[in-house]
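> Before we start, here is the structure in question, set down as structure tokens.
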Amino acid sequence: EAFNDMAARLAANERQRRRFLADITHELRNPLAVLQSRIEAQLDGIHPRDDRHLASLLEETRRLGRLVDDLHTLALAETGRLVLRREAVAFGDLVDEAVGRHQALAEQREVSLRAALAPALPKVRADPARVGQVLDNLLANAIRHSLPGGEVVVEAAPVAGPGTGDAPMVRCRVTDAGPGFREDRLGRLFERFEPAGDSRGSGLGLSIARDLIRAHGGTIEASNDPTTGGASVTFTLPV
Numbered sequence: 001e002a003f004n005d006m007a008a009r010l011a012a013n014e015r016q017r018r019r020f021l022a023d024i025t026h027e028l029r030n031p032l033a034v035l036q037s038r039i040e041a042q043l044d045g046i047h048p049r050d051d052r053h054l055a056s057l058l059e060e061t062r063r064l065g066r067l068v069d070d071l072h073t074l075a076l077a078e079t080g081r082l083v084l085r086r087e088a089v090a091f092g093d094l095v096d097e098a099v100g101r102h103q104a105l106a107e108q109r110e111v112s113l114r115a116a117l118a119p120a121l122p123k124v125r126a127d128p129a130r131v132g133q134v135l136d137n138l139l140a141n142a143i144r145h146s147l148p149g150g151e152v153v154v155e156a157a158p159v160a161g162p163g164t165g166d167a168p169m170v171r172c173r174v175t176d177a178g179p180g181f182r183e184d185r186l187g188r189l190f191e192r193f194e195p196a197g198d199s200r201g202s203g204l205g206l207s208i209a210r211d212l213i214r215a216h217g218g219t220i221e222a223s224n225d226p227t228t229g230g231a232s233v234t235f236t237l238p239v
């Protein structure tokens, strides 16, 4: 029975890895195909070489860059070489910057995006680039799965540590207005190669967020909001 269980787990892992490779190939192919077709259109004179068309090309290169960054972070985490450059940073500033980066995408999808920060939010001892990466992943997922007219909210407030005598923490919660996580996937959302919804994503975002938050000494969990029914991801960071 133990041997059969091990064989079943190995087979499941192999299926996950094959699906992951197929999904990553799909994720890489799309922006490359868009870049190629739009550059060819400009060279053939179909599209003018103006700022609007160049901006669309730039956005596709950024999409490729984000995917490469995610893959690099995953490789560092799996080999134990993930290095954090910690400093005392105002968490509210990190949230405001992340919201600003995603405002255009939210408007494009007709989704309201706002931050709800507690007053006198303490600084956290963290790597601002890595925490920004976590916020980017969570906001991108939330906006992508929200319905037009919905709202994505980023809340942050100080909380006590999980144990007696533990240092205080900052808790951040990202909630969307989409259909929420599937109940049968709630227990596997942070596993490698497990997409957060029914989209053909790479399944890396939440897994990378978990690795980065744990490396900071924090916690992360996902649920469905009982009020709106949308997806909710909450993480904590020590101050």
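Numbering-wise, this note's numbering puts 90 at position 90 of the sequence shown, and it's gapless, one number per residue.
Idealized CB from N, CA, C, for every residue including glycine.
1. Would a C-beta distance cut-off of 8 Å place Ser207 and Ala177 closer than the cut-off?
2. Grouping DSSP H, G and I as helix and E and B as strand, with all else coil, what is Ile46?
3. Run through the DSSP bridge pairs and tell me what Arg9 is partnered with.
4. Which runs of the beta strand (DSSP E) at least 3 residues long sit entirely within the segment 38-125? Give them in chain order.
5. Could you name the residues of the same chain whose beta carbon sits closer than 8 Å to that of Ala156, not counting the 5 residues immediately before and after it, in chain order?
6. Relative to the C-alpha of Ile24, which residue among Leu67, Gly180, Glu183 is closest?
7. Taking contact to mean at least 3 C-beta pairs separated by less than 8 Å, is the segment 36-51 in contact with the segment 70-87?
8. Do Glu151 and Val99 have their CB atoms nearer than 8 Å?
9. Let me make sure I understand the geometry here. Which of Ala215, Glu97, Thr219, Gly229 has the alpha-carbon closest to that of Pro162?
On the basis of the coordinates in this document:
1. no
2. coil
3. Answer is none; Arg9 lacks a bridge partner.
4. 87-90, 112-117
5. Phe91, Gly92, Val95, Ala115, Ala116, Leu117, Ala118, Leu121, Val170, Arg171, Cys172, Arg173
6. Leu67
7. no
8. no
9. Thr219
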